[in-house]
Each structure stands twice: as structure tokens, then as C-alpha cells.
Amino acid sequence: MNKFKLEIPASSKYFSSVRLFISGILTVEDLCYDTIEDIKMAVTEGLNILILKGNRETIELEFILEEKSMTTIIKDFDVERDEQNEMAFMVLKCLVDEVEIEDSRLLIKKSCNE
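Residue 2 is where the sequence shown starts when you use this note's numbering, and the numbers rise one by one after that.
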């Protein structure tokens with residue numbers, strides 16, 4: 002198991018850097034292309050939900066790599082599911098295997114099924 006931590010300014014202009022980071026570490030781990038793309042889209046969606054709901058200076062992420070899977074944790078995710086963001090959560094559920102909010106953290110897990 003490998004763990005990576007990343008802290009970015011709370012601005013959508015840095016989301017492409019997060020997507021690039023995800024691509025880099027998952028390509029090295031030899032995850033399938035579709036899984037990598039799904040994870041990148043899901044993490045971006047989670048980040049969008051977070052910045053639309055709060056005033057913050059930074060966003061902390063943690064990535065946990067296991068054999069053919071990755072769990073992403075977006076910390077300080079103090080967002081309640083409501084009508085405004087329900088569609089975004091539906092998109093997340095379609096992209097990944099598991100999505101849950103636990104202890105003010107958004108957990109996103111995806112495995113490669115090849």
C-alpha cells in the first residue's frame with residue numbers, strides 16, 4: 002500500500018494539477034485507462050462540490066493505492082447532501098465503486114476490474 006498527500010489552494014484552477022497528479026501515480030501503478038479516467042472525473046466532481054459550499058484557503062487530499070485500486074480522501078468535507086448537490090453525488094456514484102461522507106471526509110474508492 003502506498004499513500005500520497007496533496008494540499009492545493011481552494012480554487013478550481015488547480016484541479017487540472019490534481020488530475021495530472023492522479024494520472025501520473027495511477028499510470029505508474031498500471032491501472033486500466035478507464036479506471037484512471039473515472040477516478041479523475043470523480044475527484045474533480047468532489048472538489049467542485051466542496052468549493053461551491055465553503056470558504057476555505059486550501060484543500061487537503063489523501064490518495065491510498067492498493068493492488069488495482071485507489072481510495073481518495075478529500076478532507077474537511079463539511080458538506081451535507083441536499084437538492085443543490087444531489088446530481089453531483091449521483092454522478093460520483095456512477096463513476097466509482099464507493100462514495101461516502103465519513104467524519105467530515107469524502108471517501109471515493111475505485112478498483113480496476115480487468
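Don't be surprised by glycine CBs; every beta carbon is placed ideally from N, CA and C.
Of the choices the options, whose alpha-carbon is the least far from that of residue i?
{"i": "V80", "options": "M2, G47 and T28", "result": "G47"}
{"i": "V100", "options": "E84, I52, D39 and N3", "result": "D39"}
Assign residue i to one of three DSSP states: helix, strand, or coil.
{"i": "V80", "result": "coil"}
{"i": "S105", "result": "coil"}
{"i": "V92", "result": "helix"}
Note the first and the last residue of the continuous alpha helix (DSSP H) segment covering residue i.
{"i": "S24", "result": "F16 to V29"}
{"i": "L32", "result": "Where L32 is concerned, there is no enclosing alpha helix (DSSP H), given that its DSSP letter is neither H nor E."}
Which residue comes first and which comes last in the beta strand (DSSP E) that contains residue i?
{"i": "L7", "result": "N3 to P10"}
Quick one: using the 10 Å Cβ neighbour count with 16 as the cut-off for buried, is residue i buried or exposed?
{"i": "K41", "result": "buried"}
{"i": "C113", "result": "buried"}
{"i": "K14", "result": "exposed"}
In chain order, each beta strand (DSSP E) run of at least 3 residues that lies wholly inside the stretch 39-83
59-67 and 70-75
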